[in-house]
Amino acid sequence: MSRNRQPLLEIKGLKKHFDISSGWFSREQKSVKAVDGIDLKVYPGETLGIVGESGCGKSTTGNTILRLLEATEGQILFEGEDLAKLSNKQMREKRKDIQMIFQDPFSSLNPRMKVFDLIAEPLRSHKAASGRELKKQVYELMETVGISKSFAERFPHEFSGGQRQRIGIARALALKPKLIVCDEPVSALDVSIQSQILNLLDRLQKEFNLTYIFIAHGLPAIKHISDRVAVMYLGKVVELADRDQLFEKPMHPYTEGLLSSVPIPDPENRNNRERIILKGDLPSPANPPSGCRFHTRCPYADEKCRTEEPAFSEERDGHHVMCHYPLKAGRGVLVGNS
Amino acid sequence: MKQEQPLLDVRHLKTYFHTENGTVPSVEGVSFQINKGEVVAIVGESGCGKSVTSYSIMGLVKSPGKIEAGEVLLDGTDLTTLSKRQMRKLRGNDMSMIFQEPLTSLNPLFTVGFQISEVIVLHQDVTKKEARQKTIEMIEKVGIPNAEKIYSNFPHQLSGGMRQRIMIAIALACNPKLLIADEPTTALDVSIQAQILDLMKKLRKELETSILIITHDLGVVAEMVDRVVVMYAGKVVEEGTVYELFRDPKHPYTKGLLESTPKIHERKDELYSIKGTVPTPANMPKGCSFSPRCAFAGDKCREQQPELVQVNSGQKVSCWLHEEGEVSLHEQKQTAAT
Ligand SMILES: Nc1ncnc2c1ncn2[C@@H]1O[C@H](COP(=O)(O)OP(=O)(O)OP(=O)(O)O)[C@@H](O)[C@H]1O
Ligand SMILES: Nc1ncnc2c1ncn2[C@@H]1O[C@H](COP(=O)(O)OP(=O)(O)OP(=O)(O)O)[C@@H](O)[C@H]1O
Ligand code: SF4
Ligand SMILES: [Mg+2]
Ligand SMILES: [Mg+2]
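Same order as they appear, the protein sequences are chains E and X. If you read the first sequence in this note's numbering, its first letter stands for residue 1, the second for the next number, and so on. If you read the second sequence in this note's numbering, its first letter stands for residue 339, the second for the next number, and so on.
As C-alpha cells, then:
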C-alpha cells in the first residue's frame, strides 16, 4: 500500500558515533558506534516502530532525526530535503513539522512553568499565535489531550505521570506537525495509564493525519501501535517488516529470541510454550563483535557469521533482514541465503 | 485433611509513614498467606504498597515508617514482636530479599565473592575456606561461568543481569525458607529478564524455597506463580490462584488491569483503559477506593468499604458486586461507559 508513495522521511546510511577517547582512554581513539549505518523509510500516515534492548541506539536515532544530535554520516531526507544541510535557522523552522515526545514526563517539562505556558511555549516561540488566538489554541489542545482547562494554572509537579505525558503530547501537537518521534512515551507509566496514552496517540493520529516513529523496548506496546517495525541491535537495524509479518514470521534469530523472551499473560499455556532463551549479555557498542554483531548470542551462528557481516537484504516483499541464514517460515528452520 | 500451617501468614498488616505533610497509610490492612514451596505474586500499580508490604515482612521499614498493627507470622512466630537483633539473624537465614536495582543493593567497595561469603560466614558454622568453596558453588549455581574469576570482581565490572544473578546467589546462599523478590527483573532487558526468570524457576524446583515475587508485569505473574494477590491503594482487592484470576477475574480493577495490558499474542484496535488515576492518600474516596474509576460502581460502592471475602474455593475479593455470592464480570453490565 504505502510503499508506492513517497516517503515522508528517509534515512540513508545514518551513523552516529560518540567519541569517548578522552580521559582514561586518551591513548587510543575510541568511539561508541551508537548508530552504525541504518536505512529506513517512513511513509505518511503510518507508525514505524523501533524496538530493541537498552543501548541499541533507538534514542540516538530519534535525536539525530530531530538534529538534537548531529549525524556522523548519512542523510536524513524529510520530504526529499536533506535536514543535515539546513542552517540552524532553517532547521528551527522545520521543527514545526517534526516534533518529539520524550520518555520521562517528569524531567522533560520545566518545573517552573505553568501548564498553560508550557503548552503555549512552542506557539509563542514560533510566533504561531498570540493574544486571544493563543488562548483559544492552548485550551483546545488541553481538551484534545484530556487535561481539564481548570488545570491551566498548575505546575507540572501537581500532575501524575500520565497527565504530564498528556501535557508533553499537547506541546508536541501545538504546531500541527507532520511527524512525531515518540521516544518511549509510555515506558515510565503504569499499565492502566499506558493504555490511556496509547489510545490517545492512536486517536490523534487519525484525527490529524500524523506520522509516528514510535520508539520502545516493550514489544507488546510496539505490536499494538505500529504498522511496520524495525528491530535494532547494537546500532544496526537487523530486521524490518510489516507488523504482522514480523511478529508471526520473524526472520532474524534475534527477533525470534526477543519475541520468545516476552512473558505472556496467559498462565494456561505456560508449560507448553517453547522458549528460545538468548544466552549471554549484550556486547558493548564501543566494541561490537566481528562479522554479524549478533553472532555471540545467536543459536545458529557458524564460521561465516563470525567473520563476514551480512547485508541488509529484502527477503520478501518489504521484509528486510540482516542475517546470513534468515529463518524460513516456522521457528528455528534454517535455510541458506547464498 | 488437616490444613497445613502456612509458611508465612500476614494478618491485617498496617504500615504508615508519618511525614511532615501528614500520615501516609501505605499498607492498610493487608492479609495473605504463602504455603511451603509456593510462589505468590503481589501485583498492582506504582504506589499501591507492594514494596512497603515486603519491607514490613522483612522488618526493614525505616522511620518515619512504622508497622501500626497486624501480625507477620513466619512458621508461627510473629516477626513484629522480635528484637532488631533477632530479626537480623533471621534475615539472610530464614528469609531473604532481592531488590529491583542490583547495583544499589550491592556494595561497590567489595568483591562480589566477599559479599556472598560474608552472608555464609555470618549464618553458618563454616571456615573461611569452606565459605569460599560454597560461594563459588553458588556463583556457578546461578549460571555464571568462570566463577573463580568472577569471585574477585567488583559489582561495577558486571552487567545488570550478572549483578542480579549475584543478588540471587546472596539471597539463596543460606537456603532460606522464604525469598522475597521485589521487581527482580524490571530494570533488565527482556532477553536478560527471560534468563533470570528461567533461573528462578530452576532454583525454585531445586531448593523448594517459597517465593514472594513483587511485580507490575502480568506476563511475569502468568509465567511464574501459583497464586496472586492484587493490591490497590494499600489494600488487597483480590486474591486467587493464577489460573482463576486470569480466567475469571472477580474485581473490576483486576479485570481492567488484564484488559488494558497490550499482548504480543493478540491484536485489538483499541485497548481497554481504566479511566482516571490512582487516588493519593489526600484524596482517598469514601467507600471502595476503586469506586471513582470503576465501570461497575453503584451507590453502595461510593458509601461503604467492601471487605475481602471468599467467593469460591480459590478466590477472595473485596467488591460489593459479589455481596450476594459469586458473579462473573464477563456477564456483568458496566454502568458507566469508559
Ligand atoms: N552522549 C553520549 N556519549 C557517549 N555515548 C553515548 C551518548 N549517548 C548515547 N551513548 C551510547 O550510545 C549507545 C546507544 O544509546 P541510546 O540512548 O541511543 O540507546 P537506546 O536504544 O535509546 O537505549 P535505552 O533503551 O536504554 O533508552 C549506548 O551505548 C549509549 O551508552
Ligand atoms: N519513606 C516514605 N515516606 C513517605 N511515604 C512513603 C515512603 N515510602 C513509601 N511511601 C509511600 O507509600 C506508598 C506505597 O509505596 P510502595 O513503595 O510500597 O509502592 P509500590 O507498590 O512498591 O510501587 P512501585 O511499583 O512504584 O514500586 C506510596 O504512596 C509511597 O509514596
Ligand atoms: S466495590 Fe463497587 S466500586 Fe468497588 S470495585 Fe467493586 S464494583 Fe467497583
Ligand atoms: Mg532510549
Ligand atoms: Mg516498589
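Heads up, the beta-carbon is just placed ideally off N, CA and C, and yes, glycines get one too. Treat the numbers as computed from the prediction; the structure is a model and nothing was measured.
Boundaries of the beta strand (DSSP E) harbouring residue 565 (chain X): 565-570, taken from the DSSP string. Residue 525 (chain X) has its CB no nearer than 7 Å to any heavy atom of ligand 1. Counting the other Cβ atoms within 10 Å of the Cβ of residue 448 (chain X) gives fewer than 16, which makes it exposed.
The C-alpha of residue 47 (chain E) is placed about 12 Å away from the C-alpha of residue 8 (chain E). Ranked by Cα distance from residue 545 (chain X), the first of X:513, X:420, X:567 and X:530 is X:513. Contacts with chain X (Cβ-Cβ distance below 7 Å) from the segment 143-172 of chain E involve 160 and 162, listed in chain order. At a beta-carbon threshold of 9 Å, the residues of chain X lying near residue 259 (chain E) are 602, ordered along the chain. The beta carbon of residue 190 (chain E) sits closer than 8 Å to some beta carbon of chain X. In the DSSP assignment, residue 14 (chain E) falls within the beta strand (DSSP E) that extends over 9-19. In this structure, the straight-line span from the alpha carbon of residue 538 (chain X) to that of residue 594 (chain X) is close to 28 Å. Beta-bridge pairing by DSSP links residue 424 (chain X) to no other residue. The three-state reading of DSSP puts residue 43 (chain E) in coil, since its state is none of H, G, I, E or B. Between residue 380 (chain X) and chain E, the shortest Cβ-Cβ separation is not below 8 Å. Put simply, the CB of residue 560 (chain X) is near chain E, with a gap under 8 Å to one of its CB atoms. In the three-state DSSP reduction, residue 433 (chain X) falls in the strand class (E or B). Residue state for residue 67 (chain E) is assigned as coil, using DSSP reduced to three classes.
Under a 10 Å Cβ-count criterion, residue 589 (chain X) is classified as buried, with 16 or more other Cβ atoms of the shown protein chains found around its own Cβ.
Residue 53 (chain E) and residue 453 (chain X) have their C-alpha atoms some 29 Å from each other.
Between the beta-carbon of residue 170 (chain E) and that of residue 142 (chain E) there is about 6 Å, and that keeps the pair under the 8 Å contact cut. For ligand 5, no non-hydrogen atom lies closer than 7 Å to the CB of residue 130 (chain E). With a threshold of 8 Å between beta carbons, residue 221 (chain E) makes contact with chain X. A Cβ-Cβ distance of about 5 Å is found for the pair residue 561 (chain X) and residue 270 (chain E), placing them in contact under the 8 Å criterion. In chain order, 532, 533 and 536 make up the part of chain X whose C-beta sits under 7 Å from the C-beta of residue 277 (chain E).
Here residue 645 (chain X) really is in contact with residue 656 (chain X); their C-beta atoms are around 6 Å apart, less than 8 Å. Going by DSSP, residue 363 (chain X) is part of the beta strand (DSSP E) stretching over 360-372. Rounded to the nearest whole angstrom, the C-alpha separation of residue 363 (chain X) and residue 605 (chain X) is 39 Å. Among the CB atoms of chain X, one or more fall inside 8 Å of the CB of residue 268 (chain E). Within chain X, the residues placing a beta-carbon under 7 Å from that of residue 54 (chain E) are 527, ordered along the chain. Nearest in C-alpha terms to residue 654 (chain X), of all of X:343, X:552, X:630 and X:368, is X:368. No heavy atom of ligand 5 is found nearer than 7 Å to the CB of residue 190 (chain E). Pairing residue 379 (chain X) with residue 599 (chain X) gives a Cβ-Cβ distance that is not under 8 Å.
Taking C-beta separations shorter than 7 Å and ignoring five residues to either side along the sequence, the partners of residue 111 (chain E) in its chain run 155, 156 and 157, following chain order. Taking a Cβ-Cβ cut-off of 7 Å, the neighbours of residue 612 (chain X) in chain E comprise 192, given in sequence order.
Take the alpha-carbon of residue 350 (chain X) and the one of residue 397 (chain X): they are about 16 Å apart. In this structure, the alpha-carbon of residue 328 (chain E) lies about 56 Å from that of residue 353 (chain X). Measuring C-alpha to C-alpha distances from residue 444 (chain X) to each of X:432, X:480, X:496 and X:417 identifies X:496 as the nearest.
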